[in-house]
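Undergrad: Below are the structure tokens for one structure; questions will follow.
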Amino acid sequence: FDAIVSYFNMVLTETHIDTIEDDEFLKFAELWDTFVREEIEIWKQFYAHWLSKAVRSKVDMLVVRYEDLVHHRRETYEAVARFVLRVDCLKGTPA
Numbered sequence: 128f129d130a131i132v133s134y135f136n137m138v139l140t141e142t143h144i145d146t147i148e149d150d151e152f153l154k155f156a157e158l159w160d161t162f163v164r165e166e167i168e169i170w171k172q173f174y175a176h177w178l179s180k181a182v183r184s185k186v187d188m189l190v191v192r193y194e195d196l197v198h199h200r201r202e203t204y205e206a207v208a209r210f211v212l213r214v215d216c217l218k219g220t221p222a
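What follows is the structure, encoded as structure tokens:
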């Protein structure tokens, strides 16, 4: 959820650093609703495309969510390291 709010802020402010105030979400409620519905469709198609491509190609894949990077940083980085190193445990690895 954090990622789409951040993206919405970027679209409205045309910057990567500014944000709209919480009360402005009420002002843009209809736009927000349309934005979310359109982005869900776009991302659903994007993920379906890459997922089917990976499955057909038998490519190993790890899905990392932005929210996990923010709220579960250590566990997520460790999961990425295990995936990249192709190990079940990081003990004894350079990671």
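Position in the sequence shown (from 1) plus 127 gives the number in the numbering used here.
Virtual Cβ for every residue (Gly too), placed ideally from N, Cα, C.
(1) What is the rounded straight-line gap between the Cα of serine 133 and the Cα of histidine 143?
(2) Put methionine 188 into one of helix, strand or coil per three-state DSSP.
(3) Please go through the segment 128-166 and give each complete alpha helix (DSSP H) segment of 4 or more residues, from N-terminal end onward.
(4) How many angstroms separate the CA atom of alanine 223 from the CA atom of valine 190?
(5) Does the beta-carbon distance from asparagine 136 to aspartate 149 come in below 8 Å?
(6) Following the continuous alpha helix (DSSP H) through leucine 203, name the residue where it begins and the one where it ends.
(7) If you check the beta carbons only, do tyrosine 174 and aspartate 129 fall under 8 Å apart?
(8) Could you give the distance in angstroms between the alpha-carbon of histidine 199 and the alpha-carbon of leucine 153?
TA: From the atom records:
(1) 8 Å
(2) coil
(3) 129-140 and 149-154
(4) Here the chain has residues from 128 to 222 only, and residue 223 is not among them.
(5) no
(6) The amino acid occupying residue 203 in the given sequence is threonine; leucine does not appear at that position. Here the alpha helix (DSSP H) through threonine 203 covers 200-212.
(7) no
(8) 30 Å
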